[in-house]
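**Student:** Right, I'll just put the structure down here and ask away after.
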Amino acid sequence: MAGLRQVDPEVAHILSAENRRQHAKVRLIASENYVSHAVLEATASVMTNKYSEGYPGRRYYEGQQQVDRLEALCVRRACELFGAEHANVQPYSGSPANLAVYLALAKPGDTIMGQALAHGGHLTHGDPVSMSGVLYRVVQYGVRPEDYRLDYDEIERLAHQHRPRLLICGHSSYPRQLDFARFAAIGHAVGALVVADIAHLSGLVVGGAHPSPFPHVDVVTTTTHKSLRGPRGGMIMCRREWAEAIDKAVFPGLQGGPHNHTTAALAVALREAAQPAFRDYARRIVDNAQVLAAALQEQGFRVITGGTENHLVVLDATSRGVTGRQLAKALDAAGIVCNFNRIPFDPQPAMHPSGVRLGTPAVSSRGFGADQMRQIASWISRVARVRADAAVPLEQRRVAYAEIAHEVRQLCDRFPAPGLTYHG
Ligand code: DSN
Numbered sequence: 032m033a034g035l036r037q038v039d040p041e042v043a044h045i046l047s048a049e050n051r052r053q054h055a056k057v058r059l060i061a062s063e064n065y066v067s068h069a070v071l072e073a074t075a076s077v078m079t080n081k082y083s084e085g086y087p088g089r090r091y092y093e094g095q096q097q098v099d100r101l102e103a104l105c106v107r108r109a110c111e112l113f114g115a116e117h118a119n120v121q122p123y124s125g126s127p128a129n130l131a132v133y134l135a136l137a138k139p140g141d142t143i144m145g146q147a148l149a150h151g152g153h154l155t156h157g158d159p160v161s162m163s164g165v166l167y168r169v170v171q172y173g174v175r176p177e178d179y180r181l182d183y184d185e186i187e188r189l190a191h192q193h194r195p196r197l198l199i200c201g202h203s204s205y206p207r208q209l210d211f212a213r214f215a216a217i218g219h220a221v222g223a224l225v226v227a228d229i230a231h232l233s234g235l236v237v238g239g240a241h242p243s244p245f246p247h248v249d250v251v252t253t254t255t256h257k258s259l260r261g262p263r264g265g266m267i268m269c270r271r272e273w274a275e276a277i278d279k280a281v282f283p284g285l286q287g288g289p290h291n292h293t294t295a296a297l298a299v300a301l302r303e304a305a306q307p308a309f310r311d312y313a314r315r316i317v318d319n320a321q322v323l324a325a326a327l328q329e330q331g332f333r334v335i336t337g338g339t340e341n342h343l344v345v346l347d348a349t350s351r352g353v354t355g356r357q358l359a360k361a362l363d364a365a366g367i368v369c370n371f372n373r374i375p376f377d378p379q380p381a382m383h384p385s386g387v388r389l390g391t392p393a394v395s396s397r398g399f400g401a402d403q404m405r406q407i408a409s410w411i412s413r414v415a416r417v418r419a420d421a422a423v424p425l426e427q428r429r430v431a432y433a434e435i436a437h438e439v440r441q442l443c444d445r446f447p448a449p450g451l452t453y454h455g
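Sequential numbering of the sequence shown, starting at 32, is according to my numbering.
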């Protein structure tokens with residue numbers, strides 16, 4: 032960053048500090064990762080200088096010789112990797128991708144059906160505070176109170192009762208595999224188009240560690256920066272028959288010019304995800320999450336659904352006498368970064384929920400395995416014990432967290448993370 036340091040030392044300093052933070056902390060935010068140096072290079076490329084509204088061969092600006100090649104290459108790689116007939120790689124992220132699908136395939140006032148945010152779904156699957164909940168008539172499904180798993184019979188009953196135009200499956204916080212074939216059968220039986228939002232799962236899907244939504248569903252959306260380990264962005268993949276409507280909805284329906292530097296980085300990430308090593312990575316993500324869940328259970332935490340089949344572990348922090356927010360903030364002070372999260376049927380509000388959500392894509396990228404997962408569970412338990420004990424004075428708490436942060440740092444120094452320029 033020699034040039035940046037000279038031009039803008041203030042921003043250079045912030046970026047260096049973030050680089051050190053990403054090195055020195057155990058990052059368990061389920062939607063984050065470490066991209067490769069190659070992906071970072073493409074993100075920081077001259078493609079950021081170019082406008083290219085439209086699609087390859089059909090642009091509203093000249094000078095598209097390289098951009099057209101790049102976008103066509105990225106689309107081809109996406110179709111090959113996911114087994115899709117058509118891909119649109121222009122969405123700025125997952126939320127615009129979902130909104131573009133709704134714009135393409137439903138009219139305002141139509142019924143859409145998705146998993147409730149409070150039960151692990153996503154805002155854009157029809158939550159009242161999202162545009163998806165404002166423009167459409169929404170039916171939400173959730174998990175069963177007895178085991179916190181999706182109840183496909185109930186989803187089927189709701190689909191028959193409400194006959195939605197779109198049935199959306201996918202989640203931000205559900206630690207079990209999705210049965211895409213069952214969702215497709217339910218939706219198609221009532222004339223719905225079935226949309227799978229695999230933002231959290233796309234890396235697992237292409238790595239063979241989670242069943243694929245293809246060929247079952249009609250449309251697939253994903254972000255590109257979670258388990259897929261690409262730049263921040265979004266994609267829509269679909270059957271050929273929906274391609275024109277989807278493309279029109281992305282541009283000109285919802286967006287202007289695509290972010291071509293992101294397209295470049297996504298093309299690189301898709302190539303990386305097609306390598307045999309990515310399958311090992313995807314498997315390790317799930318293995319690590321399962322070891323982490325089991326170890327936390329041994330430490331007395333209630334783990335939602337009793338375990339995991341993907342990259343997510345959802346904990347009820349109140350089972351150890353703290354709220355999710357208290358635990359997440361204490362963990363951050365101890366060098367372990369996650370987010371507080373509502374658990375299904377949570378009596379607490381979203382800003383002070385009962386749970387925390389943990390995920391293993393980032394730690395798996397830096398090569399952590401089972402031993403490190405057990406060590407992390409033990410640190411999380413120590414932090415919860417200190418935070419839950421009202422008799423521990425604030426200063427003593429701070430010292431305990433700092434001690435753990437030091438141990439975390441020593442572990443991180445042994446596992447350089449991809450893409451970072453600082454490794455301790
Ligand atoms: N914010 C993302 C996540 O953390 O799951 C979803 O949009």
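All C-beta atoms, glycine included, are put in the ideal place defined by N, C-alpha and C. Being a predicted model, the structure only gives us computed values, none of them experimental.
Check each candidate in 426, 394 and 155 and name the one with the smallest Cα separation from residue 439.
**Tutor:** Of the listed residues, the one whose Cα sits closest to residue 439 is 394.
**Student:** What did DSSP end up calling residue 245 once you bin it into helix, strand or coil?
**Tutor:** Three-state result, residue 245: coil.
**Student:** Answer yes or no: do residue 315 and residue 239 have a C-beta to C-beta separation smaller than 8 Å?
**Tutor:** No, these two residues do not count as a Cβ contact at 8 Å.
**Student:** Just to confirm my understanding: we take residue 208, look at its own chain, exclude 5 residues before and 5 after, and list those with CB closer than 7 Å. What are they?
**Tutor:** So the list reads 241, 242, 340 and 341, once near-sequence residues are dropped.
**Student:** State the DSSP-derived secondary structure class of residue 269, mapped to helix, strand or coil.
**Tutor:** In the structure shown, residue 269 sits in a strand (DSSP, three-state: E or B).
**Student:** To the nearest angstrom, how far is the alpha carbon of residue 120 from that of residue 167?
**Tutor:** About 25 Å.
**Student:** Return the CA-CA distance between residue 448 and residue 262, expressed in angstroms with no decimal places.
**Tutor:** In a straight line, the C-alpha of residue 448 is about 16 Å away from that of residue 262.
**Student:** Which residues in the same chain have their Cβ closer than 8 Å to the Cβ of residue 353, if we skip the five residues on either side of it in sequence?
**Tutor:** 361, 415, 418 and 419.
**Student:** Do you know whose CA, among 359, 375, 376 and 374, lies nearest residue 368's CA?
**Tutor:** Out of 359, 375, 376 and 374, 359 has the C-alpha closest to the C-alpha of residue 368.
**Student:** Rank 136, 152, 290 and 346 by C-alpha distance to the C-alpha of residue 272 and give the top, closest one.
**Tutor:** When only C-alpha atoms are compared, the closest one is 136.
**Student:** Just reading off the beta strand (DSSP E) that residue 214 is part of, what are its end residues?
**Tutor:** No beta strand (DSSP E) contains residue 214, which is instead part of the alpha helix (DSSP H) from 211 to 220.
**Student:** Using a Cβ distance threshold of 8 Å, determine whether the region 322 to 338 contacts the region 399 to 414, with at least three qualifying pairs required.
**Tutor:** The region 322 to 338, when compared against the region 399 to 414, does touch it at the 8 Å Cβ threshold.
**Student:** Helix or strand or just coil, what does DSSP make of residue 372?
**Tutor:** Reduced to three states, the DSSP call for residue 372 is strand.
**Student:** Considering residue 117, what are the terminal residues of the beta strand (DSSP E) in which it resides?
**Tutor:** That run of the beta strand (DSSP E) goes 117 to 119.
**Student:** Look up residue 162 in the DSSP assignment and say whether it is helix, strand or coil.
**Tutor:** Three-state DSSP puts residue 162 in a helix.
**Student:** Any residue with its C-beta under 5 Å from a non-hydrogen atom of the ligand DSN counts. Can you list them all in chain order?
**Tutor:** Going by the Cβ distance cut-off, the answer is 62 and 203.
**Student:** Taking one C-beta from the region 70 to 79 and one from the region 297 to 305 each time, how about it: are there three or more such pairs within less than 8 Å?
**Tutor:** Counting Cβ pairs under 8 Å, three or more are found: they touch.
**Student:** Apart from the five residues on each side of it in sequence, which residues of its chain come closer than 6 Å, Cβ to Cβ, to residue 389?
**Tutor:** Excluding positions up to five away in sequence, the list reads 59, 344 and 369.
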